[in-house]
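Novice: As you go down the protein sequences, you meet chains G and D in turn. Residues -9 to 324, numbered by our numbering, are exactly what the first sequence covers, in order. Residues 47 to 384, numbered by our numbering, are exactly what the second sequence covers, in order. Every residue gets a Cβ at the ideal spot worked out from N, C-alpha and C, and that includes glycine. Provided herewith is a single structure, encoded as structure tokens, for subsequent inquiry.
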Amino acid sequence: MAKGQTAALDAAKYRRFYEQMVHIREFEEECLRAFQRGGHGIGGYLHLYSGEEAIAVGIIGALDLAAGDCLIGHYRDHAYALAVGSPPGPVMAEICGKYDGCSKGKGGSMHICDAERGFYGGYGIVGGNVPIALGLGWALKYRQQAGVAVCFFGDGSMNQGAFHETLNMAQLYKVPVLFVLENNGYAMGTSIERSHANTDLTDRVGSYAMNRKKIDGQNIITVHEEVSQIVADMKANPAPFFLECDTYRFHGHGAADEAKQTVVYRTKAEIEAAKANRDPIAIAAELLLEAGVITDEDIVRFHDEAVIAAKAAVQFSDDSPVPPADELLKDVYA
Amino acid sequence: MARLRYIDALALALREEMRRDPNVFLIGEEVAQYQGTLELSKGFLEEFGPQRVVDTPISEVGIIGLGIGSAMAGLRPVCEMMRMDFATPAYDQIVQHAAKIRYMFGGQFQVPMVIRGPSGVGLQLSAQHSQAIEVLFAHVPGLKVVVPATPADAKGLMISAIRDNNPVMVFESLRMYFTKPDELEAIQPGLSEVPDDPDFSVPIGKANVLREGKDITLVAYSWMTIQALKAANELAKDGISAEVIDLRSLLPLDMNTVLASIKKTHRAVVIQEQWPLYGCAAEISAQISERAFYDLDTPVLRVTGAFVPMPYAKNLENLAFPTEVDIVAAAKRSLGGK
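Take a look at the structure:
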């Protein structure tokens, strides 16, 4: 942790960030419990964001969504919706395949979105969302709007051709896309070392002559302060930026490999060490307590409220009907 | 009515739509400074400027992705593929993203974009630049696949494609691009005529009975429609009256026009440029069998290309895709030597 980092924090903002991180964590943990319990409608894939909360919260908190800033994600996408302010009930209902889900139950966990709040959705093809982000930024520039489009992706995306075509074009045209690499060390079960010829991923972007930086993605203050400056610069002088956030995912790639992960690709000790030393919520608690932004009572209260909110989201989903059969053929064409 | 070449009709549609709607922009390889590899966008850069006529690197995934995102954000991109063959590197963006975004987000977004470019077999362009891959996309819900045959449809369908709120792929016939109006008029009077009406457009999803007849129905699209018209001329010499239906689009597929025709003629030949297996002629034949079996006097016949990558040598290439001769032969076979 950087010394003196807590000197002049916007207290109200960081209280909100802390609260959001806790709510996202409890939402994700409740998802996992609901998945394991069964009976709520969660099928297929479920990718959890626990351990990476400071990135979504710190970055989205630096955007002016009402003024046209926007974002696009990948399949580990619940947190983006919660961070833009989507009510948790419809997000959970979507994960459970219910009609009150944000995508009417047609998308599921990987395809959460919130058009009204500038979240252009989560996508299931690794790297497939990256070229689309170029278009979101392009539209801002085309309309001469001072905004940024944020593209979240993981280390696996950087080995897709789509990523490299996009970065080249973004820099060529000076499109205001903030490319956010959530480097959690693993593309599914394949580590950086086993999949990148150059394991310095920020360095890999150097060939595109793009502004770039690597930061600690576990520290909410670092993430938010850095990104606030980057976004301000991007709005003053439209151009892309590549930001690597060093992070760690606490769960398996998906809920289904929760047990397998420690057998085939990483150790239990590694996960426990990360939970002990690199938990973004614990790090935030320590920093914000020190700064006097939150109190011990707040920590307990935020946690308890988050647990209740997550359970309420499941209840909202349980109370929601499944999509009616006539929805099957709707929404294919405009 | 003006008599236009197909390429000029396409250019006119693009220019008119870009003048009408500032959200429409053209992006692709060599579209601006080079003015299009076939000079389709000649003068566009001067008229609309570099913001709306955009040269790109050879990066089809990036081009299509840029189109999808900007369309979701409210623009109306026209993404040019130098040839539609080059849409294959972007198959993931088109099939996995553009086509599905509306559905998988429960209707929260729409993707009003056009992906267009020359396509089709022949001209000794060999295996990777000479093919009819539109069926690879016509299988996919969420896309529209448009295949204009005539200059009027090239203009009218392009205008509709640009105004459509869905991802529309327009497979233009390279064989037709530079065909002279006089040549078309010799095949059928009026074939090169394009209405002057500034509000002219052709709705997507309605097939066109290009020539009326009573003995047999020839169903085709794009360049094969022109071959079918030539075949109909030949058949007429033998006293056979062929009806020619131009599908105009494969997705949506207007079967009603086809079925109505078969009710009258009781015989059908379905023609497509290339590979027969699982192709559009197979789909149309199946639907005719399911929906009009008792209207048929003889089985539906297909005329298709050979099941091979396109060869280069002219003599082999000529064997690889159908012509009017094959269509005439199939029609006569259907008619039992009439």
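May I ask which residues mark the beginning and end of the alpha helix (DSSP H) holding Ala282/D?
Specialist: On the second sequence, position 236 is the one that residue 282/D refers to. Ala282/D -> alpha helix (DSSP H) spans Trp269 to Lys283.
Novice: Sort Leu53/G, Phe292/G and Asp309/G by Cα distance to Val221/G and report the nearest one.
Specialist: Counted from its first residue, the first sequence places residue 221/G at position 231. Per the Cα distances, Leu53/G.
Novice: In three-state terms, what does DSSP make of Leu362/D?
Specialist: Position 316 of the second sequence, counting from 1, holds the residue named residue 362/D. Helix.
Novice: Just by C-beta distance, which residues in the region 88 to 99 of chain G are closer than 9 Å to chain D?
Specialist: Gly91, Cys92, Ser93, Lys94, Gly95, Lys96, Gly97 and Gly98
Novice: For Ala152/G, collect the residues of the same chain with a Cβ closer than 6 Å to its Cβ; drop the 5 residues on either side in sequence, then sort them by chain order.
Specialist: Residue numbering aside, residue 152/G sits at position 162 when the first sequence is read from its first letter. Only Gly117, Val120 and Pro121 meet the Cβ criterion.
Novice: Using a Cβ-Cβ cut-off of less than 9 Å, list which residues of the region 118 to 138 of chain G approach chain D; keep chain order.
Specialist: Cβ contacts with chain D: Gly118, Asn119, Val120, Pro121, Ile122, Ala123, Leu124, Gly125, Leu126, Gly127, Trp128, Ala129, Leu130, Lys131, Tyr132 and Arg133.
Novice: Using a Cβ cut-off of 9 Å, which residues of the region 81 to 103 of chain D contact any Cβ in chain B, in chain order?
Specialist: The structure shown has no chain B; the protein chains it does contain are G and D.
Novice: Please report how far the alpha carbon of Val167/G lies from the alpha carbon of Ser116/D, in whole angstroms.
Specialist: Translated into the one-based positions of the first sequence, residue 167/G becomes position 177. Translated into the one-based positions of the second sequence, residue 116/D becomes position 70. Taking the straight line from one Cα to the other gives about 13 Å.
Novice: Determine the DSSP secondary structure at Leu303/D, reduced to helix, strand or coil.
Specialist: Along the second sequence, one-based indexing puts residue 303/D at 257. According to the sequence provided, residue 303/D is Thr. The question's Leu does not apply to it. Three-state DSSP puts Thr303/D in a helix.
Novice: For Lys384/D, collect the residues of the same chain with a Cβ closer than 6 Å to its Cβ; drop the 5 residues on either side in sequence, then sort them by chain order.
Specialist: Start at 1 with the first residue of the second sequence, and residue 384/D comes out as number 338. Residue placement at Lys384/D cannot be trusted, given a pLDDT of 49 that sits under 50; the coordinates are not used to answer.
Novice: Could you pull the start and end residues of the alpha helix (DSSP H) that Lys131/G belongs to?
Specialist: For this step, residue 131/G is matched to residue 141 along the first sequence. Per DSSP, Lys131/G belongs to the alpha helix (DSSP H) from Asn119 to Tyr132.
Novice: Please list the residues of the region 124 to 147 of chain D that have a C-beta atom closer than 7 Å to any C-beta atom in chain G, keeping them in chain order.
Specialist: Against chain G - using a Cβ distance shorter than 7 Å - the residues of the region 124 to 147 of chain D are Asp138, Gln139, Gln142 and His143.
Novice: What is the rounded straight-line gap between the Cα of Glu155/G and the Cα of Asp294/G?
Specialist: In the first sequence, counting from the first residue as 1, residue 155/G sits at position 165. In the first sequence, counting from the first residue as 1, residue 294/G sits at position 304. Spanning the two alpha carbons is a distance of roughly 46 Å.
Novice: Since Leu72/G and His30/G should fall inside the 8 Å C-beta cutoff, what is the C-beta to C-beta distance between them, to a whole number of angstroms?
Specialist: Along the first sequence, read from residue 1 onward, the residue named residue 72/G stands at position 82. Along the first sequence, read from residue 1 onward, the residue named residue 30/G stands at position 40. Contact doesn't hold; Cβ gap of about 18 Å is too wide.
Novice: Closer than 7 Å, Cβ to Cβ, to anything on chain G: give me those residues from the region 146 to 179 of chain D, in chain order.
Specialist: Arg148, Tyr149, Met150, Phe151, Gly152, Gly153, Gln154, Phe155 and Gln156
Novice: Report yes or no: do three or more beta-carbon pairs, one from the region 2 to 21 of chain G and one from the region 190 to 205 of chain G, lie closer than 8 Å?
Specialist: no
Novice: Find the residues of chain D that neighbour Ala152/G, judging by a C-beta separation of less than 8 Å, and give them in chain order.
Specialist: Translated into the one-based positions of the first sequence, residue 152/G becomes position 162. Near Ala152/G (Cβ distances below 8 Å), the residues of chain D are Val107, Gly108, Gly111, Asp138 and Gln139.
Novice: Does Ile104/D pass the burial test, meaning 16 or more other C-beta atoms within 10 Å, or should it be called exposed?
Specialist: Start at 1 with the first residue of the second sequence, and residue 104/D comes out as number 58. When all chains shown are included, Ile104/D counts as exposed.
Novice: If you compare alpha carbons, which of Leu237/D, Phe151/D, Val99/D and Cys125/D is closest to Tyr65/G?
Specialist: Numbered from 1 along the first sequence, position 75 holds the residue referred to as residue 65/G. Looking at the Cα atoms, Phe151/D is the closest of the given residues.
Novice: Determine whether the beta carbon atoms of Ser238/D and Met356/D lie at a separation below 9 Å.
Specialist: Taking the first residue of the second sequence as 1, we reach residue 238/D at position 192. Taking the first residue of the second sequence as 1, we reach residue 356/D at position 310. Cβ distance not < 9 Å, so Ser238/D and Met356/D don't count as in contact.
Novice: Counting only beta-carbon separations shorter than 9 Å, does Gly111/G have a partner in chain D?
Specialist: Residue mapping note: residue 111/G aligns to position 121 of the first sequence, counting from 1. Yes, contact with chain D.
Novice: Against chain G, which members of the region 354 to 380 of chain D pass a CB distance test of less than 7 Å?
Specialist: none
Novice: Output, in chain order, the set of chain G residues within a Cβ distance shorter than 7 Å of Asn212/D.
Specialist: Within the second sequence, residue 212/D is the residue found at index 166, counting from 1. Going along chain G in sequence order, the residues near Asn212/D (Cβ under 7 Å) are Tyr323 and Ala324.
Novice: Using the three-state DSSP reduction, which class does Ser206/D fall into: helix, strand or coil?
Specialist: Here the question's residue 206/D lines up with position 160 in the second sequence. It is helical.
Novice: Tyr267/D and Tyr52/D - do their beta-carbons sit closer together than 9 Å?
Specialist: In the second sequence, the residue the question calls residue 52/D occupies position 6. In the second sequence, the residue the question calls residue 267/D occupies position 221. Going by C-beta atoms, Tyr52/D is not nearer than 9 Å to Tyr267/D.
Novice: Which two residues bound the contiguous beta strand (DSSP E) that contains Asp236/G?
Specialist: The residue given as residue 236/G occupies position 246 in the first sequence. Here the beta strand (DSSP E) through Asp236/G covers Phe231 to Asp236.
Novice: Below 8 Å, how does it come out for the region 78 to 98 of chain D and the region 84 to 104 of chain G: are there three or more Cβ pairs, yes or no?
Specialist: no
Novice: Whose CA, out of Ser176/D, Gly188/D, Lys226/D and Arg337/D, lies closest to the CA of Phe367/D?
Specialist: Here residue 367/D refers to the residue found at position 321 of the second sequence. Comparing alpha-carbon positions, the option among Ser176/D, Gly188/D, Lys226/D and Arg337/D lying closest to Phe367/D turns out to be Ser176/D.
Novice: For Phe17/G, collect the residues of the same chain with a Cβ closer than 7 Å to its Cβ; drop the 5 residues on either side in sequence, then sort them by chain order.
Specialist: Along the first sequence, one-based indexing puts residue 17/G at 27. Correct list, in chain order: His68, Leu72, Pro78, Ala300 and Ala303.
Novice: For Met100/G, name the three-state secondary structure that DSSP assigns.
Specialist: Position 110 of the first sequence holds residue 100/G. DSSP places Met100/G in helix when its eight states are reduced to three.
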